[in-house]
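A.B. asks: Here's a structure for you.
Number of protein chains: 2
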Amino acid sequence: MTKFDVLPSHVWPRSATRATNGEVTIAGVSLADLAQEFGTPLFVIDEADFRSRCQDMAAAFGGGENVHYASKAFLTRKVANWVAEEGLSLDVASENELRLALAADFPAERITVHGNNKSDGFLHLCVEAQVGHVVLDNHDEIARLDAVAAELGQSQDVLVRVKPGVEAHTHEMIATAHEDQKFGFSLASGSAFQAAEEAIAANNIRLVGLHCHVGSQVFDAQGFNMAAERVLGLMEQIVTSQPAEVANLLTILDLGGGYGIAYTANDESLDVAAVAADLHEKVTKSAESLGLATPTVMVEPGRAIAGPATVTVYEVGAIKDVHISDNETRRYLAVDGGMSDNIRPALYGAEYDIRLVNRTSDAKLTNTRVVGAHCESGDILINAADLPADIHSGDLVALAATGAYCYAMASNYNMFGKPAVVSVRDGVVSPMLRRQTVSDFLALEA
Amino acid sequence: MTKFDVLPSHVWPRSATRATNGEVTIAGVSLADLAQEFGTPLFVIDEADFRSRCQDMAAAFGGGENVHYASKAFLTRKVANWVAEEGLSLDVASENELRLALAADFPAERITVHGNNKSDGFLHLCVEAQVGHVVLDNHDEIARLDAVAAELGQSQDVLVRVKPGVEAHTHEMIATAHEDQKFGFSLASGSAFQAAEEAIAANNIRLVGLHCHVGSQVFDAQGFNMAAERVLGLMEQIVTSQPAEVANLLTILDLGGGYGIAYTANDESLDVAAVAADLHEKVTKSAESLGLATPTVMVEPGRAIAGPATVTVYEVGAIKDVHISDNETRRYLAVDGGMSDNIRPALYGAEYDIRLVNRTSDAKLTNTRVVGAHCESGDILINAADLPADIHSGDLVALAATGAYCYAMASNYNMFGKPAVVSVRDGVVSPMLRRQTVSDFLALEA
Numbered sequence: 001m002t003k004f005d006v007l008p009s010h011v012w013p014r015s016a017t018r019a020t021n022g023e024v025t026i027a028g029v030s031l032a033d034l035a036q037e038f039g040t041p042l043f044v045i046d047e048a049d050f051r052s053r054c055q056d057m058a059a060a061f062g063g064g065e066n067v068h069y070a071s072k073a074f075l076t077r078k079v080a081n082w083v084a085e086e087g088l089s090l091d092v093a094s095e096n097e098l099r100l101a102l103a104a105d106f107p108a109e110r111i112t113v114h115g116n117n118k119s120d121g122f123l124h125l126c127v128e129a130q131v132g133h134v135v136l137d138n139h140d141e142i143a144r145l146d147a148v149a150a151e152l153g154q155s156q157d158v159l160v161r162v163k164p165g166v167e168a169h170t171h172e173m174i175a176t177a178h179e180d181q182k183f184g185f186s187l188a189s190g191s192a193f194q195a196a197e198e199a200i201a202a203n204n205i206r207l208v209g210l211h212c213h214v215g216s217q218v219f220d221a222q223g224f225n226m227a228a229e230r231v232l233g234l235m236e237q238i239v240t241s242q243p244a245e246v247a248n249l250l251t252i253l254d255l256g257g258g259y260g261i262a263y264t265a266n267d268e269s270l271d272v273a274a275v276a277a278d279l280h281e282k283v284t285k286s287a288e289s290l291g292l293a294t295p296t297v298m299v300e301p302g303r304a305i306a307g308p309a310t311v312t313v314y315e316v317g318a319i320k321d322v323h324i325s326d327n328e329t330r331r332y333l334a335v336d337g338g339m340s341d342n343i344r345p346a347l348y349g350a351e352y353d354i355r356l357v358n359r360t361s362d363a364k365l366t367n368t369r370v371v372g373a374h375c376e377s378g379d380i381l382i383n384a385a386d387l388p389a390d391i392h393s394g395d396l397v398a399l400a401a402t403g404a405y406c407y408a409m410a411s412n413y414n415m416f417g418k419p420a421v422v423s424v425r426d427g428v429v430s431p432m433l434r435r436q437t438v439s440d441f442l443a444l445e446a
Numbered sequence: 001m002t003k004f005d006v007l008p009s010h011v012w013p014r015s016a017t018r019a020t021n022g023e024v025t026i027a028g029v030s031l032a033d034l035a036q037e038f039g040t041p042l043f044v045i046d047e048a049d050f051r052s053r054c055q056d057m058a059a060a061f062g063g064g065e066n067v068h069y070a071s072k073a074f075l076t077r078k079v080a081n082w083v084a085e086e087g088l089s090l091d092v093a094s095e096n097e098l099r100l101a102l103a104a105d106f107p108a109e110r111i112t113v114h115g116n117n118k119s120d121g122f123l124h125l126c127v128e129a130q131v132g133h134v135v136l137d138n139h140d141e142i143a144r145l146d147a148v149a150a151e152l153g154q155s156q157d158v159l160v161r162v163k164p165g166v167e168a169h170t171h172e173m174i175a176t177a178h179e180d181q182k183f184g185f186s187l188a189s190g191s192a193f194q195a196a197e198e199a200i201a202a203n204n205i206r207l208v209g210l211h212c213h214v215g216s217q218v219f220d221a222q223g224f225n226m227a228a229e230r231v232l233g234l235m236e237q238i239v240t241s242q243p244a245e246v247a248n249l250l251t252i253l254d255l256g257g258g259y260g261i262a263y264t265a266n267d268e269s270l271d272v273a274a275v276a277a278d279l280h281e282k283v284t285k286s287a288e289s290l291g292l293a294t295p296t297v298m299v300e301p302g303r304a305i306a307g308p309a310t311v312t313v314y315e316v317g318a319i320k321d322v323h324i325s326d327n328e329t330r331r332y333l334a335v336d337g338g339m340s341d342n343i344r345p346a347l348y349g350a351e352y353d354i355r356l357v358n359r360t361s362d363a364k365l366t367n368t369r370v371v372g373a374h375c376e377s378g379d380i381l382i383n384a385a386d387l388p389a390d391i392h393s394g395d396l397v398a399l400a401a402t403g404a405y406c407y408a409m410a411s412n413y414n415m416f417g418k419p420a421v422v423s424v425r426d427g428v429v430s431p432m433l434r435r436q437t438v439s440d441f442l443a444l445e446a
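Protein chains in written order, with UniProt numbering: chain G, 1 to 446; chain R, 1 to 446.
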């Protein structure tokens, strides 16, 4: 096998391998066979990979109950079942995510609810369903949630989302902890302290912790640690200003998500255990120095669990060589999906690893741009990759690490139906989502 | 009324006005009433506006048959019916767009089919349905289409898509006429001439014209003229190399789409008649100087027809003032939609005009960022607008000129259902697309 034929193991699903016939298999199932049966584009999920990352996170963070899988990365009832079975908790960020989780019978007490703009109806559903925690995001919401809980005769546990002013190094579009953003209460301005006081003063909600989120695609504990230190400072301020029976409720430090994954062979991979250990050590020390009991650290990984488990299989179509300068040619290789099933390259400049999956190739490599089939020149999946020059129409290629924010952000641009999704485990194939067709679009018409 | 209360008429639908009670109406229907009945976010289409822009285009370009509405901007059966009734032609760019057009009984002979990666099945459907033109985009496709037509015992009229190497000034992501892109055959390299020869040599396809596309959001004829001149040069080359019976078939110069619209009050608006006149004059002169009969100029506007007809109505939710520097505050105003129903601000940096639509306001204006309800800090609809400081939760706002590439590119991120779409005309409301719910997502699950 050439270097190109070898799947970078830190990027591809854990069970992905190249069979002796040259085909790539996941959980022992050939991607070519799956393409044949379900068509392309096709999302293929390695169920064991997904579950193993749940287990890694649970082990690193002291138990699954401390790890909230971030639904927004990718959610179906089956996925919610996997998360529940692995003993993890769940983070939802919209009314419909909550509805789906409840439709999957996910234990409500293990659900944390986010959102910068929760409607009264959404808050009502939260309390009625008895979700574990609602994360308060603005002052109005405190009074509204209190009123809803009063109306339902219940008490709702809450966290206050704090903007600690820390920004982990990441792409600007997906950084979330600096002050100039829509989420949370400012620590610096005193707004977060005030929110905590309001929550404590409200009769039908119980403040049990603080939440913050430092960014996306983070690979070390530094950003988390800095944020944790600041948020613990706030916790100390709250604890010392309150009677013991209130202060003692404040036991959760939720540090949000943002754990990175490797998208390309050159990317580093996350050492979850090391980051978690570093983070726990710093939190323990910080709490100690502030005279606080060590809080329970909670986290909300989405991408780090769902991302690496999934690949997207495409069929190669049109191939075109374009002279881009006097002595330079770029090959345009078109596949049968594109920005409708993966908006991340166009939206964030995201990069992916691509491999030929129906065979190996020892052809020389050529500078290739992988594009989709949409009527838009910005419909680019991979800006520049060295791919074997003998790839031809009908070959199958796959992009790895497409499990998070690809299907979840998929559109129907150019009336492309969302692809089918199948999961594989121990040689067994389980359809998860069927492909959308024109009938689905027509069904919405009046 | 304050300046903010006045709708910029070159941005808003032609029938949009502010009623004496302060509410904005379209075709005499109050947006507040529509929000009440159909919920928010809600797309509201001014049917007469859409139709009038079809008429303007038809008048400017010598008849509706020369104007192909670009489906990708926004397509439903109802929209296809409007386009057909106004006598326009239709441009589709995917198999599903074609299927939808056929489901709407759009006359196949008035359909032009685009695509950089058409499958054999797609080509088969084109020939079988007897579409007017297939636009050839790569060499392989010529032989494949010829084979499909032979198999069906039919002859298929085609255009050859040419890259003239002209790039109209526009946002990089949506510029499409330079050489380094996926669409078309290079003029400079001789590839386009060769494609024309191949098409002419094929037994079951007839070359009837040439196609090019210079970009998006173009407001003057300059780019079109330069491209037209170059493509006419190619046409002359083909015509003089072929016998008269072949040369005489070559009568169409399709200059594609790209006609701009005003998104904000400061944007210029397109003078369709002036651009068309300028373009026709240059084409006539160029053809004359090359000794060619003046070709029929065809165009493919999508945004310029669908864009200005539609507004998106949102309900205001959480409002938050954030200190972004010592003496500067930014107001974050959250609405109940966001990047799921309008990805263009995040994807292209697109700007929009926003107005309060359930009432007027004479409150002082304050620096406001309009954000969505998604769990992502990049979920920004309007980066900076001066909005009345008294806007409160429960108010209704609307973004104008959202008829193109908003619903068409909508996602279900955070499991948001696609919004409902209604059209209004002469005081009558017609539901066009119902809102998606969690049930629609569950229906896809195996």
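Note that the Cβ used here is the ideal one computed from N, Cα and C, for glycine as well.
List the residues of chain R whose Cβ lies closer than 9 Å to the Cβ of ILE238 of chain G, in chain order.
C.D. replies: Here the premise fails: no neighbours, minimum Cβ distance about 21 Å.
A.B. asks: When we look at the beta-carbon of GLY337 of chain R and count the other beta-carbons within 10 Å, is it buried (16 or more) or exposed?
C.D. replies: Classification for GLY337 of chain R: buried.
A.B. asks: Assign VAL6 of chain R to one of two classes, buried (16 or more other C-beta atoms within 10 Å of its C-beta) or exposed (fewer than that).
C.D. replies: So VAL6 of chain R ends up on the exposed side.
A.B. asks: Check the Cβ of GLN156 of chain R against every Cβ in chain G and list those closer than 8 Å, keeping chain order.
C.D. replies: Under the 8 Å cutoff, chain G gives no residues; its nearest Cβ is about 18 Å from GLN156 of chain R.
A.B. asks: With 7 Å as the limit, tell me which residues of the segment 18 to 52 of chain R have their beta carbon closer than that to any beta carbon of chain G; keep them in chain order.
C.D. replies: Cβ contacts with chain G: none found.
A.B. asks: What does the Cβ neighbour count give for TYR190 of chain G, buried or exposed, with the cut at 16 atoms within 10 Å?
C.D. replies: Correcting the residue identity first, residue 190 of chain G is Gly in this sequence and not Tyr. It counts as exposed.
A.B. asks: Taking any Cβ of chain R, which residues in the segment 125 to 142 of chain G have a Cβ under 9 Å from it, in chain order?
C.D. replies: Within the segment 125 to 142 of chain G, the residues whose Cβ lies closer than 9 Å to some Cβ of chain R are ASP137, ASN138, HIS139, ASP140 and GLU141, listed in chain order.
A.B. asks: Against CYS212 of chain R, what residues of chain G qualify as contacts under a CB-to-CB distance less than 7 Å, listed in chain order?
C.D. replies: The contacting residues do not exist; CYS212 of chain R stays about 13 Å from chain G at best.
A.B. asks: When we look at the beta-carbon of GLU172 of chain R and count the other beta-carbons within 10 Å, is it buried (16 or more) or exposed?
C.D. replies: Low local confidence applies: a pLDDT of 47 at GLU172 of chain R is under 50, so the model's placement there is unreliable, with the coordinate-based value given in what follows. Exposed, because fewer than 16 other Cβ atoms sit within 10 Å of the Cβ of GLU172 of chain R.
A.B. asks: Taking a cut of 8 Å between CB atoms, which residues from the segment 408 to 424 of chain R lie near chain G?
C.D. replies: The segment 408 to 424 of chain R vs chain G, Cβ under 8 Å: ALA408, MET409, ALA410, SER411, ASN412, TYR413, ASN414, MET415, PHE416, GLY417 and LYS418.
A.B. asks: Taking 8 Å as the threshold (beta carbon to beta carbon), is ILE354 of chain G in contact with chain R?
C.D. replies: Closer than 8 Å: no.
A.B. asks: Give the single residue among G:LEU279, G:HIS323 and G:GLY260 whose Cα lies nearest to the Cα of ARG303 of chain G.
C.D. replies: Of the candidates G:LEU279, G:HIS323 and G:GLY260, the one whose C-alpha sits nearest the C-alpha of ARG303 of chain G is G:GLY260.
A.B. asks: Can you name the residues that DSSP bridges to THR310 of chain G?
C.D. replies: Its beta-bridge partners are G:ILE45.
A.B. asks: So, ASP180 of chain G versus VAL322 of chain R, is the Cβ gap smaller than 8 Å?
C.D. replies: For ASP180 of chain G and VAL322 of chain R, yes; Cβs fall inside 8 Å.
A.B. asks: Write down the C-beta distance between ASP353 of chain R and ALA265 of chain R rounded to the nearest angstrom, noting that I regard them as a contact closer than 8 Å.
C.D. replies: Correct: roughly 6 Å between the Cβ atoms.
A.B. asks: Closest by CA to ALA398 of chain R, which one among R:HIS213, R:THR2 and R:TRP12?
C.D. replies: The candidate whose alpha carbon is nearest that of ALA398 of chain R is R:TRP12.
A.B. asks: By Cβ distance below 6 Å, which residues in the same chain neighbour THR2 of chain R in space, the five residues on each side in sequence not counted?
C.D. replies: Closer than 6 Å at Cβ, skipping near neighbours: ASP362.
A.B. asks: In whole angstroms, what is the alpha-carbon distance linking SER430 of chain G and SER423 of chain G?
C.D. replies: Taking the straight line from one Cα to the other gives about 5 Å.
A.B. asks: Could you say which of G:GLY257, G:ALA420, G:PHE219 and G:VAL438 lies nearest to GLN36 of chain G if we only look at CA atoms?
C.D. replies: If we check each option's Cα against that of GLN36 of chain G, G:ALA420 comes out closest.
A.B. asks: Looking at C-alpha atoms only, which residue of R:ALA274, R:TYR263 and R:GLU351 is the closest neighbour of PHE61 of chain R?
C.D. replies: Of the candidates R:ALA274, R:TYR263 and R:GLU351, the one whose C-alpha sits nearest the C-alpha of PHE61 of chain R is R:ALA274.
A.B. asks: Can you grab the Cα-Cα spacing for the pair GLY115 of chain R / PHE441 of chain G, in whole Å?
C.D. replies: Those two C-alpha atoms are separated by around 20 Å.
A.B. asks: Residues of chain R with CB under 8 Å from residue 467 of chain G, in chain order?
C.D. replies: Beyond the ends of chain G as shown, which are 1 and 446, falls residue 467 of chain G; an answer cannot be given.
A.B. asks: Where does the unbroken alpha helix (DSSP H) through THR240 of chain R begin, and where does it stop?
C.D. replies: 222 to 241 is the span of the alpha helix (DSSP H), which, as asked, contains THR240 of chain R.
A.B. asks: Can you check whether the C-beta of LYS3 of chain G is within less than 8 Å of a C-beta belonging to chain R?
C.D. replies: It does not; no Cβ of chain R falls within 8 Å.
A.B. asks: Enumerated in chain order, which unbroken segments of the beta strand (DSSP E) with a length of 3 residues or greater are wholly contained in the segment 383 to 420 of chain G?
C.D. replies: If we require 3 residues or more, the beta strand (DSSP E) runs fully inside the segment 383 to 420 of chain G come out as 396 to 400.
A.B. asks: Which partner residues does residue 447 of chain G have in the DSSP bridge list?
C.D. replies: Here chain G has residues from 1 to 446 only, and residue 447 of chain G is not among them.
A.B. asks: Can you give me the start and stop residues for the alpha helix (DSSP H) that HIS124 of chain G sits inside?
C.D. replies: Residues 120 to 129.
A.B. asks: So which residues on chain R does ASP180 of chain G lean against when the C-beta distance must stay under 7 Å?
C.D. replies: Within 7 Å Cβ-Cβ: VAL322, ILE324 and ARG330.
A.B. asks: Closer than 8 Å, CB to CB, is ARG115 of chain G near chain R or not?
C.D. replies: For clarity, residue 115 of chain G is Gly in the given sequence; the question names Arg instead. GLY115 of chain G counts as touching chain R.
A.B. asks: State the DSSP-derived secondary structure class of ASN81 of chain R, mapped to helix, strand or coil.
C.D. replies: Correct three-state label for ASN81 of chain R: helix.
A.B. asks: State buried or exposed for VAL131 of chain R, treating a residue as buried only when at least 16 other CB atoms are found within 10 Å of its CB.
C.D. replies: Looking at its Cβ environment, which holds 16 or more other Cβ atoms inside 10 Å, VAL131 of chain R is buried.
A.B. asks: Mapping DSSP to helix, strand and coil, what is GLY64 of chain G?
C.D. replies: Of the three classes helix, strand and coil, the one that applies to GLY64 of chain G here is helix, per DSSP.
A.B. asks: Do ALA400 of chain G and ILE45 of chain G come within 8 Å of each other at the CB atom, strictly closer than that value?
C.D. replies: No, these two residues do not count as a Cβ contact at 8 Å.
A.B. asks: So ARG77 of chain R contacts chain G; which residues on that side make the cut at Cβ distance below 8 Å?
C.D. replies: Per Cβ cutoff of 8 Å: LEU442 and GLU445.
A.B. asks: Which two residues bound the contiguous beta strand (DSSP E) that contains ASP91 of chain G?
C.D. replies: Per DSSP, ASP91 of chain G belongs to the beta strand (DSSP E) from 89 to 92.
A.B. asks: Taking only the alpha-carbon atoms, compute the straight-line gap between ALA389 of chain R and ARG359 of chain R and give it to the nearest angstrom.
C.D. replies: C-alpha separation (whole angstroms): 14 Å.
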